[in-house]
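Residues in the sequence shown are numbered from 41 upward in steps of one, following my numbering.
Beta carbons are placed, not taken as given, at the ideal position from N, Cα and C, and that holds for glycine.
Since the structure is predicted, the reported quantities are computational estimates derived from the model, not experimental observations.
Take a look at the structure set out below.
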Amino acid sequence: MILVDFGSTVGREQSGIRPGVVISSSMFHDLITDIALVVPCTRTDRGWFNHVELSGPTGLSNRTFAITQQPRVVDLQRVLRVTGSVDQDTLAEIAAWVNRWIYQHV
Numbered sequence: 041m042i043l044v045d046f047g048s049t050v051g052r053e054q055s056g057i058r059p060g061v062v063i064s065s066s067m068f069h070d071l072i073t074d075i076a077l078v079v080p081c082t083r084t085d086r087g088w089f090n091h092v093e094l095s096g097p098t099g100l101s102n103r104t105f106a107i108t109q110q111p112r113v114v115d116l117q118r119v120l121r122v123t124g125s126v127d128q129d130t131l132a133e134i135a136a137w138v139n140r141w142i143y144q145h146v
């Protein structure tokens, strides 16, 4: 879990300073050290099946949901701090949703 400044965006993209779940692998970070693949998060519970509620030692004080339909690559200069982590089940659910969005046949 990181707190990241997503900056200015367009349309429905998530913007501003908000939590994000890093979903890029350790192999990715061994090879590419200046960016990360991140799923932005929101405190708004829209009741959408693909918004995954975070659990684990997130370091956040409010209920928070991963917006799995909006993964994005961010430069590590946008990261303000590490807040904590999500548990393995939560990370697996987020990854499964991102995988579904990218690979329809899965």
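Selected residue, minimal CA-CA separation from residue i, among the options
i	options	result
residue 61	117, 119, 73 and 80	80
residue 107	76, 82, 143 and 48	82
residue 102	65, 123 and 114	123
residue 44	84, 77 and 97	77
residue 47	87, 120, 129 and 85	120
residue 133	87, 93 and 125	93
residue 98	129, 56, 125 and 51	125
Residue i versus residue j - alpha carbon distance
i	j	result
residue 54	residue 111	10 Å
residue 113	residue 131	17 Å
residue 100	residue 143	31 Å
residue 58	residue 70	25 Å
residue 116	residue 64	12 Å
residue 118	residue 49	14 Å
residue 141	residue 105	17 Å
residue 138	residue 109	7 Å
residue 90	residue 72	28 Å
residue 66	residue 56	26 Å
residue 135	residue 88	16 Å
residue 41	residue 68	17 Å
Strand pairing of residue i, partner residues [DSSP]
i	result
residue 115	75
residue 122	42
Cβ pair residue i, residue j closer than 7 Å
i	j	result
residue 95	residue 74	no
* Tell me the start and end of each unbroken alpha helix (DSSP H) in the stretch 42 to 112 that is at least 4 residues and wholly inside, in chain order. => 66 to 71
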